[in-house]
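Line by line, the protein sequences give chains L and S.
The numbers in my numbering rise by one with no breaks, and the one at position 113 of the first sequence is 113.
The numbers in my numbering rise by one with no breaks, and the one at position 163 of the second sequence is 163.
The beta-carbon is built from N, C-alpha and C at its ideal position, and this holds for glycine as well.
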Amino acid sequence: MSLEQFKNRSVGTQTYKMVDYEPTPDTGMGRFQRVVSRTFRGELFVGLYVTMREMINALFGGGMHTTKYPFEKLPISPRYRAIHDMLRLLESGHYRCIGCGLCEKICISDCIKMDTRYDENQRKEVTEYTINFGRCIFCGYCAEVCPELAIVHGQRYETASEQRASFSIFDDMLTPKDALGQQQEFDGFGAVSPNADDNIKKTPLAY
Amino acid sequence: MEIAVLPEVTSAGVIIKAIIILAIISAVAGFGTYLERKVLAFMQRRLGPMHVGPFGLLQIAADGIKLFTKEDIVPQNANKLIFQIAPSITAATAFIALAAVPVFPDFTIPEWIPLLGGVFVPSIAADINVGVLFILGMMAAGLYGPLLAGMAQANKWGIIGSARTAIQFLSYEVVTGLSILAPIMLVGSLSLVDFNEYQTGGFASWMVWQQPVAFILFLIAGFAETNRTPFDLLENEAEVISGYATEYSGMRWGMFFIGEYANMITVSVIAAVMFMGGYNDLGFIAGWLIVILKIAFIFFLMLWVRASWPHIRPDQLMWLCWKVLMPIAVINIVITGFVMMV
Ligand code: SF4
Ligand code: SF4
Numbered sequence: 001m002s003l004e005q006f007k008n009r010s011v012g013t014q015t016y017k018m019v020d021y022e023p024t025p026d027t028g029m030g031r032f033q034r035v036v037s038r039t040f041r042g043e044l045f046v047g048l049y050v051t052m053r054e055m056i057n058a059l060f061g062g063g064m065h066t067t068k069y070p071f072e073k074l075p076i077s078p079r080y081r082a083i084h085d086m087l088r089l090l091e092s093g094h095y096r097c098i099g100c101g102l103c104e105k106i107c108i109s110d111c112i113k114m115d116t117r118y119d120e121n122q123r124k125e126v127t128e129y130t131i132n133f134g135r136c137i138f139c140g141y142c143a144e145v146c147p148e149l150a151i152v153h154g155q156r157y158e159t160a161s162e163q164r165a166s167f168s169i170f171d172d173m174l175t176p177k178d179a180l181g182q183q184q185e186f187d188g189f190g191a192v193s194p195n196a197d198d199n200i201k202k203t204p205l206a207y
Numbered sequence: 001m002e003i004a005v006l007p008e009v010t011s012a013g014v015i016i017k018a019i020i021i022l023a024i025i026s027a028v029a030g031f032g033t034y035l036e037r038k039v040l041a042f043m044q045r046r047l048g049p050m051h052v053g054p055f056g057l058l059q060i061a062a063d064g065i066k067l068f069t070k071e072d073i074v075p076q077n078a079n080k081l082i083f084q085i086a087p088s089i090t091a092a093t094a095f096i097a098l099a100a101v102p103v104f105p106d107f108t109i110p111e112w113i114p115l116l117g118g119v120f121v122p123s124i125a126a127d128i129n130v131g132v133l134f135i136l137g138m139m140a141a142g143l144y145g146p147l148l149a150g151m152a153q154a155n156k157w158g159i160i161g162s163a164r165t166a167i168q169f170l171s172y173e174v175v176t177g178l179s180i181l182a183p184i185m186l187v188g189s190l191s192l193v194d195f196n197e198y199q200t201g202g203f204a205s206w207m208v209w210q211q212p213v214a215f216i217l218f219l220i221a222g223f224a225e226t227n228r229t230p231f232d233l234l235e236n237e238a239e240v241i242s243g244y245a246t247e248y249s250g251m252r253w254g255m256f257f258i259g260e261y262a263n264m265i266t267v268s269v270i271a272a273v274m275f276m277g278g279y280n281d282l283g284f285i286a287g288w289l290i291v292i293l294k295i296a297f298i299f300f301l302m303l304w305v306r307a308s309w310p311h312i313r314p315d316q317l318m319w320l321c322w323k324v325l326m327p328i329a330v331i332n333i334v335i336t337g338f339v340m341m342v
């Protein structure tokens, strides 16, 4: 099934298949006939066939669906709002944050704390930047408001922690200097995952 | 034949066999839980238990340790004595029923085995002449387990569970009895050993071909007898939490579980021996192997059905058993009777 068929929203032009509900019989004989016809229609065996087909398919056809989670991980959607990353400028390698403080202001759970000062060139320098992930609700406003695309949501979603307050400091979130090449640009909140087209499938309702 | 066997049946032999049955069937029942989880998982395209031991095989041991060491809670307002006894009724009757079930052909222990070498071993712990009746009676008595457990635990889900036990019992027991009456008429004996001897003529002499209707009815009733889907009314989680087993924990719950699996094995063995040629050699395949394959197939069928079919309501079960299956069983018996007379 192609993407176009899904994008077609005009109801009248599509071919729908109506479910054929038989009228409920109200005589004893009619009910009896329905029981007989349902009994010998073999639908139960279709059910048995389906499960057997799935089992053979899973065992020998590579149709097994399990992802062994801690050992294997699926790529997450770019829309997912996981632990924040602070990005660097690709050319100079300097961190992108200009210390404007907008993220601190907009944060609705008040968990970003930052401090800035003027450095010797009279540029703003971030001296302190922490996010309390015990309070953060991962709403994404900070990344939305950031004018420099400096703070973004990254890919680290395993956030279980032993303490309620779990702070992350600037240097922890900052892209390491030597990993500048692997820094991933943020596609924005409306972005679909790169393999979105492959993931569209027919809903497996019909057998 | 019977007379020749009898001197070998010593009391020591019977005790040894009883212990072997107990040990093997508990182990196989444990293995059955593993198989069930694996097969269900495969049918749903999952992997099932994977991490304890190779292919998750030691999961059974892990579960066993868990069941044994778990705290055994008796609810405050429960009838303590009955609450504590009920699980053993299920487990004990399931094992007692197996005493009259022949699984393997008679064999002689090879000479090279020390101590027991050369001893002739009959296939069955107790070849009583009312074997089938005894097994059915025992499995029916096993229903006291859920019934008493549900009523003793002062829990509304338990009460519903035991009410459903009664309903289920009233429904299928008639069908079980009537469905195997026709084969019994053909064989003329209630002993399962005689049933086996009746089908010695290879594939074509299997009882299924003579009594297909009885076989299907017996299978349906057997599913009800062992509380398997589509008739798992007693402890259907979506409806009655765990039914009669709601308040049970630890090993008492484990005994219900083992009893259920032992019953599944019993029903599989009966179906294999009564309808599917028993432990006679089939062509070049040895009897003991073919019977294991048959039992395994019926066991697998139970898991397969559980993965495939929805379960039915209690009133539908009664409707099915009393209005559909019982008339069919009676007609089957009448026709069998006519055919035998003519
Ligand atoms: S995601 Fe929301 S709650 Fe978390 S730091 Fe950003 S603005 Fe604050
Ligand atoms: S909004 Fe962006 S640039 Fe401004 S302080 Fe926050 S991270 Fe830095």
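First through last residue of the alpha helix (DSSP H) which encompasses residue i
i, result
"residue 231 of chain S", "Segment: none, residue 231 of chain S is in no alpha helix (DSSP H) and carries neither H nor E."
"residue 86 of chain L", "Per DSSP, residue 86 of chain L belongs to no alpha helix (DSSP H); it is in the beta strand (DSSP E), 84 to 86."
"residue 34 of chain S", "11 to 43"
"residue 200 of chain L", "Note, residue 200 of chain L: premise wrong, no alpha helix (DSSP H); not H, not E."
"residue 132 of chain S", "131 to 141"
"residue 152 of chain L", "Not the alpha helix (DSSP H): residue 152 of chain L falls in the beta strand (DSSP E), residues 151 to 153."
"residue 109 of chain S", "Where residue 109 of chain S is concerned, there is no enclosing alpha helix (DSSP H), given that its DSSP letter is neither H nor E."
"residue 177 of chain S", "156 to 187"
"residue 198 of chain S", "192 to 198"
Reference residue i; option with closest CA among the options
i, options, result
"residue 154 of chain S", "S:83, S:53, S:181 and S:23", "S:83"
"residue 161 of chain S", "S:308, S:50, S:330 and S:244", "S:244"
"residue 102 of chain L", "L:158, L:94 and L:116", "L:116"
"residue 93 of chain L", "L:180, L:35 and L:123", "L:180"
"residue 326 of chain S", "S:62, S:49 and S:179", "S:179"
"residue 247 of chain S", "S:150, S:70 and S:96", "S:150"
"residue 145 of chain S", "S:226, S:60, S:46 and S:218", "S:226"
"residue 134 of chain S", "S:266, S:31, S:335 and S:333", "S:266"
"residue 91 of chain L", "L:56, L:187, L:177 and L:105", "L:177"
"residue 164 of chain S", "S:70, S:124 and S:317", "S:317"
"residue 22 of chain L", "L:139, L:125 and L:31", "L:31"
"residue 128 of chain S", "S:141, S:100 and S:147", "S:100"
"residue 249 of chain S", "S:235, S:74 and S:234", "S:74"
"residue 127 of chain L", "L:169, L:144, L:121 and L:158", "L:169"
"residue 271 of chain S", "S:341, S:220, S:37 and S:332", "S:220"
"residue 222 of chain S", "S:304, S:175 and S:202", "S:175"
"residue 68 of chain S", "S:321, S:255 and S:103", "S:255"
"residue 70 of chain S", "S:55, S:252 and S:182", "S:252"
"residue 111 of chain L", "L:25, L:195 and L:166", "L:166"
"residue 193 of chain S", "S:106, S:231, S:152 and S:235", "S:106"
"residue 139 of chain S", "S:211, S:210, S:212 and S:224", "S:224"
"residue 35 of chain S", "S:303, S:79 and S:292", "S:303"
"residue 100 of chain L", "L:119, L:76, L:81 and L:125", "L:125"
"residue 77 of chain L", "L:191, L:97 and L:67", "L:191"
"residue 163 of chain L", "L:65, L:140, L:172 and L:132", "L:132"
"residue 268 of chain S", "S:277, S:297, S:340 and S:242", "S:297"
"residue 134 of chain L", "L:149, L:159 and L:154", "L:159"
"residue 123 of chain L", "L:75, L:36, L:96 and L:171", "L:96"
"residue 145 of chain L", "L:105, L:118, L:120 and L:114", "L:105"
"residue 235 of chain S", "S:184, S:263, S:159 and S:213", "S:159"
Residue span of the beta strand (DSSP E) that contains residue i, given as start and end
i, result
"residue 255 of chain L", "No answer is possible for residue 255 of chain L: it lies beyond the span of chain L, which begins at 1 and ends at 207."
"residue 244 of chain S", "Segment: none, residue 244 of chain S is in no beta strand (DSSP E) and carries neither H nor E."
"residue 116 of chain L", "112 to 118"
"residue 37 of chain L", "It is not in any beta strand (DSSP E) - residue 37 of chain L instead sits in the alpha helix (DSSP H) that spans 28 to 39."
"residue 167 of chain L", "167 to 169"
7 Å Cβ cut-off: residues of chain S touching residue i
i, result
"residue 59 of chain L", "42"
"residue 94 of chain L", "Residues of chain S passing the Cβ test: none, with the nearest at roughly 46 Å."
"residue 44 of chain L", "309"
Neighbouring residues, chain L, relative to residue i (Cβ below 9 Å)
i, result
"residue 304 of chain S", "48, 51, 52 and 55"
Within chain S, partners of residue i - CB distance below 8 Å
i, result
"residue 63 of chain L", "45"
ask   = In the stretch 36 to 65 of chain S, which residues sit with their C-beta less than 7 Å from some C-beta in chain L, listed in chain order?
value = 42, 43, 45, 46 and 47
ask   = What are the residues of the stretch 288 to 320 of chain S that lie near chain L, defined by any Cβ-Cβ distance shorter than 8 Å?
value = 304, 305, 307, 308 and 309
ask   = Of the residues that make up the stretch 66 to 79 of chain L, which ones have a beta carbon closer than 9 Å to any beta carbon in chain S?
value = 66 and 68
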